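Peer 1: Residue numbers for the sequence shown follow this note's numbering, beginning at 75 and rising by one.
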Amino acid sequence: MRKKIIGIILLVLIVFGGYKLFANVSANNVNSNSIQFSYEDIPAYNGDNPYVVVNDNKPYFTSSEIVKDSYIKYGPLDSIKRVTSAMACLDYDSMPSEDDKKGESKSICPTGWNNIKYDSIAGDGYCQSRAQSIAWCFGGSDTDKKNYITATPYMKNYMNAYVVKIARYLEKTSNHVMYRTTPVFVGEELMCRGVLMEAYSVEDSGEGICFNIFLYNVQPGINYIYSTGESEYTGEFLDMAAQMKDSSMDFNYILNSKTMTFHKPECEKASRIGTKNKIYSYAEREELIGAGYTAAECCNP
Ligand SMILES: [Zn+2]
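(1) Using three-state DSSP, classify residue 298 as helix, strand or coil.
(2) Just to confirm before moving on: does the CB-CB distance between residue 336 and residue 367 stay below 7 angstroms?
(3) Could you give the distance in angstroms between the alpha-carbon of residue 333 and the alpha-carbon of residue 357?
(4) Counting only the same chain and skipping the five closest in sequence on each side, list residues whose C-beta sits under 8 angstroms from that of residue 128.
(5) Ignoring anything shorter than 3 residues, give me the beta strand (DSSP E) runs that lie fully in the region 245-271, in order along the chain.
(6) Sort 190, 158, 218 by Cα distance to residue 303 and report the nearest one.
(7) For ligand 1, I want to know if residue 373 counts as a neighbour, meaning its beta carbon is within less than 6 angstroms of at least one of the ligand's heavy atoms.
(8) Cα separation between residue 359 and residue 338?
(9) What number of angstroms, rounded off, separates the C-alpha of residue 276 from the C-alpha of residue 331?
(10) Excluding sequence positions up to five away, which residues of its chain have a Cβ less than 7 angstroms from the Cβ of residue 96?
(11) Use the C-beta contact count for residue 263: other C-beta atoms within 10 angstroms, 16 or more gives buried, fewer gives exposed.
(12) Go through its chain and collect everything with a Cβ distance to residue 355's Cβ below 8 angstroms, but skip five positions before and after it.
(13) For the region 188-254, which segments carrying the alpha helix (DSSP H) assignment without a break, of at least 4 residues, lie completely within its bounds, in sequence order?
(14) Between which residues of its own chain and residue 218 is the CB-CB distance below 7 angstroms, once the five residues before and five after are set aside?
(15) If you measure between the beta carbons of residue 292 and residue 113, is that distance less than 7 angstroms?
(16) Check whether the region 173-182 and the region 238-255 are in contact - that is, three or more C-beta pairs closer than 8 angstroms.
(17) In chain order, what residues of the same chain lie with their CB nearer than 7 angstroms to the CB of residue 187, ignoring the 5 residues before and after it?
(18) Exposed or buried, what is residue 136 when buried is set at 16 or more other beta-carbons lying within 10 Å of its beta-carbon?
(19) Hey, residue 251 and residue 208: beta-carbon distance below 7 angstroms or not?
(20) Is the distance from the Cβ of residue 205 to the Cβ of residue 230 below 7 angstroms?
(21) State buried or exposed for residue 240, treating a residue as buried only when at least 16 other CB atoms are found within 10 Å of its CB.
(22) Kindly indicate which three-state DSSP category residue 274 falls into: helix, strand or coil?
(23) Straight-line CA distance for residue 143 to residue 213?
(24) From 371, 268, 131, 341, pick the residue whose C-alpha is nearest to that of residue 238; which is it?
(25) What number of angstroms, rounded off, separates the C-alpha of residue 211 from the C-alpha of residue 170?
(26) Could you pull the start and end residues of the beta strand (DSSP E) that residue 304 belongs to?
(27) How close, in whole Å, do the beta carbons of residue 124 and residue 290 come, if the pair is a contact with beta carbons under 8 angstroms?
(28) Excluding the 5 residues flanking residue 375 on each side, which residues of the same chain have their C-beta closer than 8 angstroms to its C-beta?
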């Protein structure tokens, strides 16, 4: 009798839960049970939208996952050493107060790492970069392999825009933010198709921060072979600066009050300024220079 009941329960689960089980398998590294996400439901990248909103912008956190004690947890690498979900409860105290000069670990090469230079890519020209699942400014590790994804510079910029949005919220309040990033791989591919990014501010029930987005791991002008991370120039190049205009950063510059320099909002070095020295500025370039600041050499704002 007991076996029969278990059998019926299993059958019901398979019939009604089948689609979701399949959905999780299709994004086969999604290791958190609360994520109901299928890569097949995501529209193909259409050339101008760096991300799409998922699940009406509501994160998948369950009520028991929403807590007020800060922590960071990296999911284990999967059977072919790919990064899985990283989850955290963030607060101001977990953010480094001092500047970081050493930067991310260049010796870590995440799966799909096949980095080459193209003349058409702005900045240093490389078509891949290391994106951190939990950013350094949230207290994320610079040395843990489980914290690094092979990202396009384009996706990394947009991930960073959302990281800055959360960082500003944490710096303004003493609230917590639930945060999870999940690289989404198709089949056995080594370079992810994108990253699912979820965030939810706890004390104000999502009033300050609440989003659920899928960022495409693409680079205008470059085609990637996601199974290996190899790439080729497509011959068409879209202006990256124009693409960045809709980013969620509404301020003009990030200042370092210790070194008296100002940076572009998306600057990599600026993302390593400690909370003690960081200022988001709406001032114009001339005003900053008048106030004794100099343009940082790294991003030449
Ligand atoms: Zn800079």
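C-beta: ideal position from N, C-alpha, C; glycine also.
Please read all numbers here as calculations on a predicted model, not as lab measurements.
Peer 2: With the given structure in hand:
(1) strand
(2) yes
(3) Computed Cα separation, rounded: 18 angstroms.
(4) Spatial neighbours of residue 128 in its own chain (CB-CB distance under 8 angstroms, excluding positions within 5 residues in sequence) are listed in chain order as 111, 116, 270, 286, 287, 288.
(5) 251-258
(6) The shortest Cα separation from residue 303 among 190, 158, 218 belongs to 190.
(7) yes
(8) 11 angstroms
(9) 30 angstroms
(10) Here the model assigns residue 96 a pLDDT of 32, short of 50, so the residue's position is not dependable, and the following value carries that caveat. Closer than 7 angstroms at Cβ, skipping near neighbours: no residue.
(11) buried
(12) 325, 326, 327, 328, 329, 336, 362
(13) 227-246
(14) 148
(15) no
(16) no
(17) 202, 224, 303
(18) exposed
(19) Going by C-beta atoms, residue 251 is not nearer than 7 angstroms to residue 208.
(20) Cβ distance < 7 angstroms, so residue 205 and residue 230 count as in contact.
(21) buried
(22) strand
(23) Going from the Cα of residue 143 to the Cα of residue 213 covers about 14 angstroms.
(24) Its Cα nearest to that of residue 238, the residue 341 stands out among 371, 268, 131, 341.
(25) If you take the alpha carbons of residue 211 and residue 170, they lie about 6 angstroms apart.
(26) Here the beta strand (DSSP E) through residue 304 covers 304-307.
(27) 6 angstroms
(28) Excluding residues within five positions, the ones whose Cβ falls inside 8 angstroms are 327, 336, 337, 338, 341, 359, 369.
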